[in-house]
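Q: Sending over a structure as structure tokens; questions will come in a sec.
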Amino acid sequence: MPDNPYAPDGYGPPPPRPPRRRWPLVAAVLALLLLFGAGTYVLVERSGADSARADHAGAESGAPSATAPPKASARPTPTPSRVPTTAEIARQRRAGEAAAWIVDDRTDLPRRNIPTEDLWIIGDTAVQAVYKRVVAHRLSDGAQLWSVDLPTPVCETPVNATPDGKVVIVLQNVEGWTGTRCNQLQMIDLRTGRAGWHQQLTETGAGDGTIIVDSAISGGTVVIVQSMKAAAYKVADGKKLYDIPMEDPGKCYPGRVAGGSRLLVLADCAITSMEKAYDQVREIDPATGKVRWRHRTEPGRRIGQVLSVSPAVITTAHRETHAEDWRVVALGPDGKVRRSIDPRPKGFKHCGDTIDTSDNAQACREAVVGGGLVLLGGTDRVGAYDLGTGKLVWGVKAEETSYGYYPLRVGPGRTGIVYQVGTLQAPGRVFRIGPGGVDTIKDVLQLPASTAKVEFGMGTVGENAYVGDRLVITPAGLSGNDAQHEPRMLSFAP
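Take the sequence shown: its position 488, counted from the start at 1, is 494 in our numbering, and no numbers get skipped.
Listed below in structure tokens is the structure:
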């Protein structure tokens with residue numbers, strides 16, 4: 007392929023590679039149900055009180071290769087089948103395949119699509135909230151260690167916990183569909199499985215409604231965005247620390263937040279004049295609320311996703327053309343642009359090929375930052391850009407439609423660990439790739455053939471986490487229809 011877009015300077019095109027996989031899912035088909043496994047895998051979209059992160063979906067694959075990412079075949083038609091047990095997976099495990107466990111949660115759910123929330127890895131446990139429960143499973147074998155029952159359904163969860171394993175989740179005030187507000191805060195210690203303080207958010211009617219909220223944790227502080235206002239609270243006891251004000255000029259009101267080792271507040275500015283409207287991101291001290299720096303986009307551009315808080319790396323997109331005109335922007339310690347990268351010439355699309363500024367600011371599964379690189383995945387390609395120079399360091403592309411490459415981690419020697427989604431008939435894999443592209447590919451995990459159907463739905467649309475050499479994946483949502491039951495969690499390790 008002499009026109010291979012993934013041949014950076016100094017590297018030739020990759021050699022021909024054997025067949026395999028995937029397809030993107032856009033917002034217009036978020037209601038699509040993938041029928042297979044024990045039932046229906048559900049793609050759900052976040053909206054108000056009953057919300058879920060909408061990603062993209064797809065999948066199809068052949069036998070994995072240690073020498074090149076495979077090409078894909080035509081889109082499959084899923085067929086129903088039962089959920090295998092962990093013991094059955096173990097009995098069917100072939101030589102060279104990863105060990106696996108599966109969680110088949112039989113919790114009774116309402117007969118509708120129920121979103122799953124952020125996946126937290128706390129010590130040796132994987133923890134997730136779904137509907138009115140928070141459940142922890144042991145990473146080594148999937149055994150349930152504890153669960154916390156909640157009085158009402160979950161509205162919102164932060165991406166990160168505190169360093170000592172505590173979170174504050176937002177619950178609905180009532181269980182019904184009408185009159186619902188996301189105004190109940192509940193602290194939970196994820197290390198012990200114990201519920202802590204509970205309190206209600208204050209609403210004055212002056213731009214602080216709780217139909218839609220956002221949250222983030224940094225250090226021991228949780229920030230809650232209520233409509234056009236935001237405030238910070240102490241995770242340990244729920245005490246209010248400070249308000250995050252609207253800023254002038256431009257009337258920049260808080261819209262979303264991103265947490266972790268640093269705290270970033272995203273704001274919409276000058277919204278009364280669309281041709282002058284812009285977005286702002288500011289880093290604030292989570293303990294005091296003091297602004298450390300501010301960065302504003304050019305008029306007409308919006309902030310899409312926060313790919314990293316340290317260093318600060320965001321995506322921006324044109325306000326009208328959206329995902330058709332997007333960039334990766336690396337910011338320096340003072341908030342000034344260090345490098346703007348345009349990945350479009352190499353065919354990379356913005357996280358799931360959409361710009362959803364109503365969604366969580368840290369919802370992009372197709373990008374990972376580390377070691378001075380940003381790894382970008384996508385439907386049929388994966389590559390690494392240098393955040394300092396903006397140049398492509400390495401990359402590889404499937405020759406035909408495929409079902410997805412998700413970067414998991416930046417490794418030593420400017421390498422990347424990538425999850426390549428499987429198909430209904432064949433499993434996916436986790437592989438390592440580095441400078442030199444396709445010639446450097448080496449499998450880290452070959453997923454079991456016996457879990458291919460289950461992996462297909464979870465891997466393409468849900469949450470994932472990679473800790474040590476273990477991959478954990480969960481679906482984006484669950485169906486409350488007992489005839490369309492699906493598993494809750496799936497994990498692989500050597």
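Think of the CB as a built atom: it goes at the ideal place given N, C-alpha and C, for glycine as much as any other residue. Note that the coordinates shown come from a computational prediction; the quantities given were computed from them, not determined experimentally.
DSSP has Thr-480 in a bridge; who is on the other side?
A: For Thr-480, which the question treats as bridged, DSSP gives the partners Glu-469.
Q: Take Gly-434 and list the residues in its own chain whose beta-carbon comes closer than 7 angstroms to its own, dropping the five residues that flank it on each side.
A: Correct list, in chain order: Ser-67, Tyr-425, Gln-426, Val-427, Gly-428, Leu-453, Glu-461 and Gly-465.
Q: Out of curiosity, what's the CA-to-CA distance linking Thr-480 and Ala-369?
A: One C-alpha to the other measures close to 15 angstroms.
Q: Does the contact criterion of 3 or more C-beta pairs under 8 angstroms hold for the segment 200 to 207 versus the segment 351 to 363?
A: They do not touch, by the three-pair rule.
Q: Hey, is the segment 180 to 190 in contact with the segment 163 to 170, meaning 3+ C-beta pairs nearer than 8 angstroms?
A: Touching, no.
Q: Taking DSSP as the reference, what is the three-state secondary structure of Ile-95?
A: Reduced to three states, the DSSP call for Ile-95 is helix.
Q: Counting along the chain, where does the beta strand (DSSP E) carrying Pro-260 start and finish?
A: Unbroken beta strand (DSSP E) run through Pro-260: 259 to 264.
Q: DSSP state of Glu-508, grouped into three classes?
A: With the chain running from 7 to 500 in the structure shown, residue 508 is simply not present.
Q: What does Thr-186 pair with, by DSSP beta-bridge criteria?
A: Answer by DSSP bridge pairing: none, since Thr-186 is not bridged.
Q: If you draw a straight line from the C-alpha of Pro-339 to the C-alpha of Arg-288, how long is it?
A: Between Pro-339 and Arg-288, the C-alpha separation is close to 11 angstroms.
Q: Please classify Lys-342 as buried or exposed, where buried requires at least 16 neighbouring CB atoms within 10 angstroms.
A: So Lys-342 counts as exposed.
Q: Tell me which residues share the same chain as Asp-110 and place their Cβ nearer than 6 angstroms to its Cβ, disregarding the 5 neighbours each side in the sequence.
A: Excluding residues within five positions, the ones whose Cβ falls inside 6 angstroms are Val-89 and Pro-493.
Q: Please work out which residues of its chain come closer than 7 angstroms, Cβ to Cβ, to Gly-215, disregarding the five sequence neighbours upstream and downstream, and give them in chain order.
A: The residues are Glu-209, Gln-232 and Ser-233.
Q: Would you tell me roughly how many angstroms separate the C-alpha atoms of Arg-420 and Gly-377, rounded to the nearest one?
A: The alpha-carbon atoms of Arg-420 and Gly-377 are separated by roughly 7 angstroms.
Q: Is the Cβ-Cβ distance between Ala-283 and Pro-305 less than 9 angstroms?
A: Yes, they are a contact pair.
Q: So, are the CB atoms of Arg-323 and His-301 less than 9 angstroms apart?
A: It should be noted that the sequence gives Ala, not Arg, for residue 323. No. Outside cutoff.
Q: Check the C-beta distance from Leu-477 over to Leu-451 and give it rounded, since I have them as a contact under 8 angstroms.
A: Confirmed, about 6 angstroms.
Q: Would you kindly report the start and end of the unbroken beta strand (DSSP E) that includes Glu-228?
A: A small correction: the amino acid at residue 228 is Val; Glu does not occupy that position in the sequence shown. Residues 227 to 232.
Q: Could you name each continuous beta strand (DSSP E) segment of 3 residues or more that falls completely within the segment 312 to 398, going from the start of the chain to the end?
A: Here the runs fully enclosed are 318 to 324, 328 to 337, 343 to 347, 373 to 376, 379 to 382 and 387 to 392.
Q: When you compare only the Cα positions, how much space is there between Leu-381 and Gly-265?
A: The straight-line gap from Cα to Cα measures roughly 20 angstroms.
Q: Name, in chain order, the residues that DSSP records as bridge partners for Ser-497.
A: Looking at the DSSP assignment, Ser-497 forms a beta bridge with Trp-107 and Val-478.
Q: Buried or exposed: Lys-296, going by 16 or more other Cβ atoms within 10 Å of its Cβ?
A: Answer is exposed; the Cβ neighbour count stays below 16.
Q: Which two residues bound the contiguous beta strand (DSSP E) that contains Gly-202?
A: 200 to 206 is the span of the beta strand (DSSP E), which, as asked, contains Gly-202.
Q: Thinking C-beta only, is Arg-345 closer than 9 angstroms to Tyr-412?
A: No. Outside cutoff.
Q: Return helix, strand or coil for Arg-118, following the three-state DSSP convention.
A: Here Arg-118 sits in coil by DSSP.
Q: Measure how close the beta-carbons of Val-228 and Ile-250 come, nearest whole angstrom, since I'm counting them as under 8 angstroms.
A: The pair is not a contact, with the Cβ atoms about 12 angstroms apart (cut-off 8 angstroms).
Q: Let me know the secondary structure DSSP gives Arg-197 once reduced to three states.
A: Three-state DSSP puts Arg-197 in coil, outside helix and strand.
Q: Which same chain residues end up closer than 8 angstroms to Thr-92 when comparing Cβ atoms and leaving out the 5 residues on each side of it in sequence?
A: So the qualifying residues of the chain are Ala-106, Trp-107, Ile-108, Asp-147 and Gly-148.
Q: Go to Leu-145, then tell me how far its beta strand (DSSP E) extends in each direction, as first and last residue.
A: Taken as a continuous stretch (DSSP letters only), Leu-145 belongs to no beta strand (DSSP E), as it is neither H nor E.
Q: I believe Ala-222 touches Val-263 by the beta-carbon criterion, under 8 angstroms. Please report the beta-carbon distance rounded to the nearest angstrom.
A: About 4 angstroms separates the two Cβ atoms, so the contact holds.
Q: Report the option in Ile-290, Gly-422, Asp-359 and Thr-184 whose CA atom is closest to the CA atom of Val-375.
A: Among Ile-290, Gly-422, Asp-359 and Thr-184, the Cα nearest to that of Val-375 is on Gly-422.
Q: Taking Leu-414 as part of the beta strand (DSSP E), name the residues at either end of that continuous run.
A: Residues 411 to 417.
Q: Ala-135 lies in the beta strand (DSSP E); which residues open and close that run?
A: It spans 131 to 136 - the beta strand (DSSP E) in which Ala-135 sits, taken as one unbroken run.
Q: Quick check on this structure: which residue in Ala-132, Ala-104, Pro-255 and Arg-139 has the alpha carbon closest to the alpha carbon of Arg-112?
A: With distances taken between Cα atoms, Arg-112 lies closest to Arg-139.
Q: Within 10 angstroms of its Cβ, does Ser-519 collect 16 or more other Cβ (buried), or is it exposed?
A: Residue 519 is absent from the model: the chain starts at 7 and stops at 500.
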